[in-house]
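Engineer: Chains as they are written, first to last, in UniProt numbering: chain A, 1 to 319; chain B, 1 to 328.
Before anything else, here's the structure in question.
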Amino acid sequence: MVYDLEFEKPLAELEKRIASLQRKGERLRPEEHVQLQEYERELRRRTEEIYRSLTAWQTVQVARHKDRPYTADFIHLMCEEFFELHGDRRVGDDHAIIGGPALFNGETVMIIGHEKGRGMREKMYHNNGMPHPEGYHKAIRLMEQAEKFGYPVICLVDTQGAFPGLEDEERGQGSAIAASLYAMARLRVPIIAAVIGEGGSGGALAISVADRLLMLEYSIYTVAAPEAAASIIWRDKVYAPQAAEAMRISARELYALGLIDELVPEPLGGAHHNHRLAAENLKTALIHHLQELRQIPVDRLVQMRYEKYRAVGPFGFAS
Amino acid sequence: MAKEAAGSSGGPQPEQRSGPGVAPDNLMVKCPKCKEILYSRDWEKNLKVCSRCNYHFRLTAHERVNLLLDPGSFVELDAAMVSVDPLNFVSRSQSYAEKLQEERAKVGLNEGAIRGYGTIEGLPLSLAVMDFRFIGGSMGSVVGEKVTRAIELGLERRWPVLVVSTSGGARMQEGFYSLLQMAKTVAALARLSEAHIPYFSLITDPTTGGVTASFAMLGDVILAEPGALIAFAGPRVIEQFMHVKLPEGTVNSEFVLQHGMIDAVVHRRELRATLARLLRLYKVPEAARAQQPASATAQSQVEVATLLPRQSSQSRAEVGGGQDGLRS
Numbered sequence: 001m002v003y004d005l006e007f008e009k010p011l012a013e014l015e016k017r018i019a020s021l022q023r024k025g026e027r028l029r030p031e032e033h034v035q036l037q038e039y040e041r042e043l044r045r046r047t048e049e050i051y052r053s054l055t056a057w058q059t060v061q062v063a064r065h066k067d068r069p070y071t072a073d074f075i076h077l078m079c080e081e082f083f084e085l086h087g088d089r090r091v092g093d094d095h096a097i098i099g100g101p102a103l104f105n106g107e108t109v110m111i112i113g114h115e116k117g118r119g120m121r122e123k124m125y126h127n128n129g130m131p132h133p134e135g136y137h138k139a140i141r142l143m144e145q146a147e148k149f150g151y152p153v154i155c156l157v158d159t160q161g162a163f164p165g166l167e168d169e170e171r172g173q174g175s176a177i178a179a180s181l182y183a184m185a186r187l188r189v190p191i192i193a194a195v196i197g198e199g200g201s202g203g204a205l206a207i208s209v210a211d212r213l214l215m216l217e218y219s220i221y222t223v224a225a226p227e228a229a230a231s232i233i234w235r236d237k238v239y240a241p242q243a244a245e246a247m248r249i250s251a252r253e254l255y256a257l258g259l260i261d262e263l264v265p266e267p268l269g270g271a272h273h274n275h276r277l278a279a280e281n282l283k284t285a286l287i288h289h290l291q292e293l294r295q296i297p298v299d300r301l302v303q304m305r306y307e308k309y310r311a312v313g314p315f316g317f318a319s
Numbered sequence: 001m002a003k004e005a006a007g008s009s010g011g012p013q014p015e016q017r018s019g020p021g022v023a024p025d026n027l028m029v030k031c032p033k034c035k036e037i038l039y040s041r042d043w044e045k046n047l048k049v050c051s052r053c054n055y056h057f058r059l060t061a062h063e064r065v066n067l068l069l070d071p072g073s074f075v076e077l078d079a080a081m082v083s084v085d086p087l088n089f090v091s092r093s094q095s096y097a098e099k100l101q102e103e104r105a106k107v108g109l110n111e112g113a114i115r116g117y118g119t120i121e122g123l124p125l126s127l128a129v130m131d132f133r134f135i136g137g138s139m140g141s142v143v144g145e146k147v148t149r150a151i152e153l154g155l156e157r158r159w160p161v162l163v164v165s166t167s168g169g170a171r172m173q174e175g176f177y178s179l180l181q182m183a184k185t186v187a188a189l190a191r192l193s194e195a196h197i198p199y200f201s202l203i204t205d206p207t208t209g210g211v212t213a214s215f216a217m218l219g220d221v222i223l224a225e226p227g228a229l230i231a232f233a234g235p236r237v238i239e240q241f242m243h244v245k246l247p248e249g250t251v252n253s254e255f256v257l258q259h260g261m262i263d264a265v266v267h268r269r270e271l272r273a274t275l276a277r278l279l280r281l282y283k284v285p286e287a288a289r290a291q292q293p294a295s296a297t298a299q300s301q302v303e304v305a306t307l308l309p310r311q312s313s314q315s316r317a318e319v320g321g322g323q324d325g326l327r328s
């Protein structure tokens, strides 16, 4: 594993020293062996220390890390079986949102998520996880199918936002997102959404109106990308770190504000250091919430979902 | 509280484009589109539409209400509702709390939307109207709450609901709370829809972001004023992202009409009559009015028209408690 983020420099330094000692293998002198163990302990300690108190901007970098597990990785690691469905049955198939029925802990669920894609070719194929209207129409189609068969819906959220292209305006990006919010508000099966990386604005919200909203420990949920907020409010993109801080975008802060239901722990140094463990943690949390939600009669479930969103947003009265 | 600030944009606003078209002196107004110099009096008589190029100037929320509703029929509710600062948001040297205070003083409204009820050609409706001058018409918790309450009042009284949108999108200073207003308003609309009560959306210049991607685009009937910027991503975002230059007015009312996203583009002078037609066509279903005495149905419209207070009041009556004698 590589520590390649700006704030991980001291970790990268330690890692380099460890690697150079490890290369010696058999030829390691006893005192070097002791040194190696000390470096390894030190690396662990410093990693824990740094990750315990990540700033908002550092969290953004982790949430966007190129090696972070994506939706397809989580599906692969969490589900016994998955069949991908394609197409919105109107215009086309948007690869920025993938989904289909999956066997999850022995039961069929409908799993839907943004997929960013890894590497140049995949990123182009998946449009870096930025959906077109067709993606939301596909998501709605899958949710309605889940409702028909009584399958719970699991949404994995990981996008910078809906794609802001002219063609997306032509095909009704706003309309598509609104339609998805609408469908989720009244869907008569349990919905759990989990933010696995970036929850970017309306494009993320469109598939995360849920009975339970979980977030991985170093994921973020933003009303606008920190860069965009900085250029609007601070009038300069360089203030993105300040904007990230001010908007309280990290999972930890949103949990503290009571806006999400669970903070799912990530492996040491972030999910990208251990996909398997990250997926295990998420799976455990999902199973727990699914079991709870299955106990609730569906009318009550929809009512509770409504009340949850109805209550959001503090206000006061001027005297 | 919400005193009227007719036509004044209140000087340059640091965090948004300043509202176009209001000249420093009161006699003349310059059209920001065709640069024509217009006499204020003619311009106002023409409902603030440029007589040369048909440019629809932006209206304040109260101007909009005066334009659309029967004179004196509007009763404002929750006028005193104000935003709090749930994140203790600070940018540069200014806190969000200070920003709010500044905007309230400048705009003369407590928030970026007003809501209440009234009549159009004697037909009652519940409505919320946004005001772009207040932090770029951004949707924070109060705007979301007022829109939601407007929908709920429609649900409770079985009145059609109208929301007039103009917005730059979500209010960043309220972070995730702001984003969640999209879900809140839409959830309320889903309930309205299940109760078979019509919802009309009127989109005005400019409407982008989270408002476009929620209640603005969910009307049973969606109307827009001519030439209004209507988009999910604004033209500047599209230009930056796509590395293209869009011709002026690429994403506007006519564009979304052409692409099937709205039902009609309506000139400002036709709006009131159009809404009246819709209110006559989309009657709230009789069957669903079961909770009212059968004889009350025919009578109710007259009743409402006569019983609605004649003067615009800034009543703080709550939804639940504010029966206001309407069902006597």
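The C-beta atom is built at its ideal place from N, Cα and C for all residues, glycine as well.
Write down the C-beta distance between Arg212/A and Leu142/A rounded to the nearest angstrom, noting that I regard them as a contact closer than 8 Å.
Structural biologist: The residue you call residue 212/A lines up with position 212 of the first sequence. The residue you call residue 142/A lines up with position 142 of the first sequence. The pair is not a contact, with the Cβ atoms about 19 Å apart (cut-off 8 Å).
Engineer: Let me check one thing: in DSSP terms, what residues is His114/A bridge-paired to?
Structural biologist: Residue 114/A sits at position 114 when you count from the first residue of the first sequence. Ile97/A, per the DSSP bridge assignment.
Engineer: With a threshold of 8 Å between beta-carbons, can residue 321/A be considered close to chain B, or not?
Structural biologist: Because chain A in this structure spans residues 1 to 319, residue 321/A falls outside the shown range and cannot be described.
Engineer: Between Phe241/B and chain A, is there a C-beta pair that is closer than 8 Å?
Structural biologist: Taking the first residue of the second sequence as position 1, residue 241/B is located at position 241. So, interface residue.
Engineer: Is the number of C-beta pairs between the segment 21-34 of chain A and the segment 211-228 of chain A that are closer than 8 Å three or more?
Structural biologist: These segments do not touch.
Engineer: Scan the segment 200-227 of chain B for residues whose Cβ lies nearer than 8 Å to a Cβ of chain A and list them as they occur along the chain.
Structural biologist: Answer in chain order: Gly209, Gly210, Thr212, Ala213, Ser214, Phe215, Ala216, Met217 and Leu218.
Engineer: Per DSSP, which residues does Tyr117/B bridge with? Please list them.
Structural biologist: In the second sequence, counting from the first residue as 1, residue 117/B sits at position 117. DSSP lists Val75/B and Ser126/B as partners of Tyr117/B.
Engineer: If distances are taken between C-alpha atoms only, which option among Val142/B, Arg133/B, Gly116/B and Arg92/B comes closest to Glu76/B?
Structural biologist: Your numbering for residue 76/B matches position 76 in the second sequence. The shortest Cα separation from Glu76/B among Val142/B, Arg133/B, Gly116/B and Arg92/B belongs to Gly116/B.
Engineer: State the Cα-Cα distance for the pair Ile120/B and Leu68/B, rounded to the nearest angstrom.
Structural biologist: Looking up residue 120/B in the second sequence gives position 120. Looking up residue 68/B in the second sequence gives position 68. C-alpha separation (whole angstroms): 7 Å.
Engineer: According to DSSP, Met139/B sits in a beta bridge with which residue or residues?
Structural biologist: Stepping through the second sequence from its first residue, residue 139/B is reached at position 139. Paired residues: Ala170/B.
Engineer: So, using beta-carbon positions, are Leu279/B and Pro160/B closer together than 8 Å?
Structural biologist: In the second sequence, the residue the question calls residue 279/B occupies position 279. In the second sequence, the residue the question calls residue 160/B occupies position 160. Taking 8 Å as the Cβ cut-off, Leu279/B and Pro160/B qualify as a contacting pair.
Engineer: What would DSSP say about Val302/A, mapped onto helix, strand or coil?
Structural biologist: Residue mapping note: residue 302/A aligns to position 302 of the first sequence, counting from 1. Three-state result, Val302/A: helix.
Engineer: For Asp263/B, which option in Ser253/B, Arg269/B, Glu270/B and Arg272/B has the closest C-alpha, if you only look at C-alpha atoms?
Structural biologist: Indexing the second sequence from 1 puts residue 263/B at position 263. Of the listed residues, the one whose Cα sits closest to Asp263/B is Ser253/B.
Engineer: Sort out for me which residues DSSP pairs Cys155/A with in a bridge.
Structural biologist: Within the first sequence, the letter at position 155 stands for residue 155/A. DSSP lists Ile112/A and Ala193/A as partners of Cys155/A.
Engineer: With a cut-off of 8 Å on the beta carbons, I'd call residue 321/A and Ile177/A a contact; round off their distance for me.
Structural biologist: Missing from the structure shown is residue 321/A; chain A here goes from 1 to 319 and no further.
Engineer: Does the Cβ of Ala183/A have 16 or more other Cβ atoms within 10 Å, making it buried, or fewer, making it exposed?
Structural biologist: For this step, residue 183/A is matched to residue 183 along the first sequence. By the neighbour-count rule (16 or more Cβ atoms within 10 Å), Ala183/A is buried.
Engineer: Sort out for me which residues DSSP pairs Gln94/B with in a bridge.
Structural biologist: By 1-based counting over the second sequence, the position of residue 94/B is 94. DSSP, once it has assigned bridges, lists Ser91/B as partnering Gln94/B.
Engineer: What's the C-alpha gap between Arg269/B and Val65/B?
Structural biologist: Locating residue 269/B in the second sequence gives position 269, where the first residue counts as 1. Locating residue 65/B in the second sequence gives position 65, where the first residue counts as 1. Distance between the alpha carbons of Arg269/B and Val65/B is about 13 Å.
Engineer: Could one say the Cβ of Gln101/B lies closer than 8 Å to chain A's Cβ atoms, at least one of them?
Structural biologist: Looking up residue 101/B in the second sequence gives position 101. It does not; no Cβ of chain A falls within 8 Å.
Engineer: 8 Å is my cut-off, CB to CB: does Ala128/B come that close to chain A?
Structural biologist: Position 128 of the second sequence, counted from the start, is the residue given in the question as residue 128/B. So, not an interface residue.
Engineer: Alpha helix (DSSP H) containing Phe241/B: first to last residue?
Structural biologist: The residue given as residue 241/B occupies position 241 in the second sequence. Counting along the chain, the alpha helix (DSSP H) containing Phe241/B begins and ends at Pro235 to Met242.
Engineer: Can you tell me which of Ala231/B, Pro247/B, Phe176/B and Phe200/B puts its alpha carbon nearest to the alpha carbon of Phe89/B?
Structural biologist: Locating residue 89/B in the second sequence gives position 89, counting from the first residue. The shortest Cα separation from Phe89/B among Ala231/B, Pro247/B, Phe176/B and Phe200/B belongs to Phe176/B.
Engineer: I'd like to know if Ile120/B contacts chain A, where contact means its C-beta is closer than 8 Å to some C-beta of that chain.
Structural biologist: Counted from its first residue, the second sequence places residue 120/B at position 120. No, Ile120/B lies away from the interface with chain A (no Cβ there is under 8 Å from its Cβ).
Engineer: On a Cα-Cα basis, can you pick out the residue from Pro164/A, His76/A, Phe104/A and Met78/A that is closest to Ala228/A?
Structural biologist: The residue given as residue 228/A occupies position 228 in the first sequence. Comparing Cα positions, the closest option is Pro164/A.
Engineer: For His267/B, does the three-state DSSP call read helix, strand or coil?
Structural biologist: Numbered from 1 along the second sequence, position 267 holds the residue referred to as residue 267/B. Coil at His267/B, not helix or strand.
Engineer: Of the residues Cys31/B, Arg171/B, Leu109/B and Tyr199/B, which one's Cα is nearest the Cα of Ala224/A?
Structural biologist: Taking the first residue of the first sequence as position 1, residue 224/A is located at position 224. Considering only alpha carbons, the answer is Arg171/B.
Engineer: Please return the same chain residues whose Cβ sits closer than 6 Å to the Cβ of Tyr3/A, not counting the five positions on each side in sequence.
Structural biologist: Along the first sequence, one-based indexing puts residue 3/A at 3. These residues qualify, in order along the chain: Leu11, Ala12 and Glu15.
Engineer: Which residues in the same chain have their Cβ closer than 7 Å to the Cβ of Gly219/B, if we skip the five residues on either side of it in sequence?
Structural biologist: Within the second sequence, the letter at position 219 stands for residue 219/B. If we look at Gly219/B and ignore the five residues flanking it on each side, its Cβ neighbours are Tyr199, Phe200 and Ser201.
Engineer: Would you identify the three-state DSSP class for Met215/A, choosing helix, strand or coil?
Structural biologist: Locating residue 215/A in the first sequence gives position 215, where the first residue counts as 1. Strand, per DSSP.
Engineer: Confirm, please, whether the CB-CB distance from Ala96/A to Met130/A is below 8 Å.
Structural biologist: For the purposes of this step, residue 130/A is identified with residue 130 of the first sequence, where counting begins at 1. For the purposes of this step, residue 96/A is identified with residue 96 of the first sequence, where counting begins at 1. Yes, the pair counts as a contact, with Cβ atoms nearer than the cut-off.
Engineer: Pull up the CB-CB distance for Lys116/A and Asn128/A, whole angstroms please, since I reckon it's below 8 Å.
Structural biologist: Looking up residue 116/A in the first sequence gives position 116. Looking up residue 128/A in the first sequence gives position 128. Indeed they touch by this definition, with Cβ atoms about 5 Å apart.
Engineer: Express the C-alpha separation of Leu181/A and Pro133/A in angstroms, rounding to a whole number.
Structural biologist: Here residue 133/A refers to the residue found at position 133 when the first sequence is read from its first residue. Here residue 181/A refers to the residue found at position 181 when the first sequence is read from its first residue. Each residue's Cα considered, the two are about 13 Å apart.
Engineer: Taking only beta-carbon atoms, is His259/B less than 8 Å away from chain A?
Structural biologist: Working through the second sequence from its first residue, we reach residue 259/B at position 259. With 8 Å as the cut-off, His259/B counts as an interface residue toward chain A.
Engineer: Rounded to a whole number of angstroms, what is the C-alpha to C-alpha distance between Thr108/A and Asn274/A?
Structural biologist: Residue 108/A sits at position 108 when you count from the first residue of the first sequence. Residue 274/A sits at position 274 when you count from the first residue of the first sequence. Taking the straight line from one Cα to the other gives about 26 Å.
Engineer: Checking contacts by CB at 8 Å: is residue 377/B closer than that to chain A?
Structural biologist: Past the edges of chain B, shown from 1 to 328, lies residue 377/B, and the structure says nothing about it.
Engineer: Taking Val62/A as the reference, which of Leu301/A, Phe83/A, Glu266/A and Lys148/A has the closest Cα?
Structural biologist: Position 62 of the first sequence holds residue 62/A. The shortest C-alpha separation from Val62/A is found at Glu266/A.
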